[in-house]
Amino acid sequence: MSEEDDELFMHLERDQLVAETARPVPPARLGPRALIGLWGLRVFAILVSAMVLYTFLARLH
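Note that our numbering gives residue 30 to position 42 of the sequence shown, counting from 1, and the numbers run on in steps of one.
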């Protein structure tokens, strides 16, 4: 946010601020490298979660 945006928000009334901040923001357009990176992070998170779950269940016995 720029200084102009900050100044605008300071002068808005509460209901105007709520209405302005409740407006949806369109999704960002990402390049192919960013999409591949995000999918890689998803796969990594799923694999690590599976490993943690397996380790937890294996130690219960």
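For glycine and all other residues, C-beta sits at the position ideal for the given N, C-alpha and C. Only a predicted model underlies this, so the values are computations on that prediction, with no experimental measurement involved.
Since residue i and residue j should fall inside the 8 Å C-beta cutoff, what is the C-beta to C-beta distance between them, to a whole number of angstroms?
i, j, result
"E8", "L18", "About 26 Å; that fails the 8 Å criterion."
So, at 8 Å on beta carbons, what are the nonlocal neighbours of residue i in its own chain, with the 5 sequence-adjacent residues on each side left out?
i, result
"R47", "none"
Counting only the same chain and skipping the five closest in sequence on each side, list residues whose C-beta sits under 7 Å from that of residue i.
i, result
"V36", "none"
Using a Cβ-Cβ cutoff of less than 6 Å, which residues in the same chain neighbour residue i once the five nearest sequence positions on both sides are dropped?
i, result
"L23", "none"
Run through the region 1 to 31 for me and flag every whole alpha helix (DSSP H) of 4 or more residues, listed as ranges in chain order. Whole alpha helix (DSSP H) segments, 4+ residues: 2 to 9.
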